[in-house]
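Chemist:
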Amino acid sequence: MENINSAKISGVISDIRHSQNNTYFVSLKQQVLYNNELHPITFEVAIFPEHQEIIDKLQINATVIFEGTITVFKLRKYGIYKQVINASKIEIIK
Numbered sequence: 055m056e057n058i059n060s061a062k063i064s065g066v067i068s069d070i071r072h073s074q075n076n077t078y079f080v081s082l083k084q085q086v087l088y089n090n091e092l093h094p095i096t097f098e099v100a101i102f103p104e105h106q107e108i109i110d111k112l113q114i115n116a117t118v119i120f121e122g123t124i125t126v127f128k129l130r131k132y133g134i135y136k137q138v139i140n141a142s143k144i145e146i147i148k
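Each residue of the sequence shown is one higher than the one before, starting from 55 at the first, in my numbering.
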């Protein structure tokens, strides 16, 4: 894995998944304006077990701001690269 840079991203939590190693993966939905039409996009946010204070605040449909770093890693099974935001802070908007 390689840390690229820091990120700050906002959106609505649409899905929360828990892995076997106690990492949480959150789908964060946003609406983007393209050709005068709104289109949904989804970002993947990872929260590692050491950030329990973030995990405790996760809830579906909450509007949040995550801060963290962007990490790129290779999915060996598929031979493709994926990027994910590793959250280190959360702010609940509503």
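Just so it is clear, CB atoms sit at the ideal spot from N, CA and C, and this is done for glycine as well. Just so you know, these numbers come straight off a predicted model, no measurement behind them.
By alpha-carbon positions, which one of K143, G133, Q85, L129 ends up nearest to Q106?
Modeler: The candidate whose alpha carbon is nearest that of Q106 is K143.
Chemist: Keeping to the same chain, check which residues put their C-beta closer than 7 Å to that of I95; ignore five residues upstream and five downstream.
Modeler: Excluding sequence neighbours, I95 sits near Q84, V86.
Chemist: Going along the chain, which residues of its own chain have a beta-carbon closer than 7 Å to the beta-carbon of I70, five neighbours each way excluded?
Modeler: So the qualifying residues of the chain are Y78, V80, L112, I114.
Chemist: According to DSSP, simplified to helix, strand and coil, what is Q137?
Modeler: Note: Q137 maps to strand in three-state DSSP.
Chemist: In terms of residue numbering, what span does the beta strand (DSSP E) encompassing I109 cover?
Modeler: Per DSSP, I109 belongs to no beta strand (DSSP E); it is in the alpha helix (DSSP H), 106-109.
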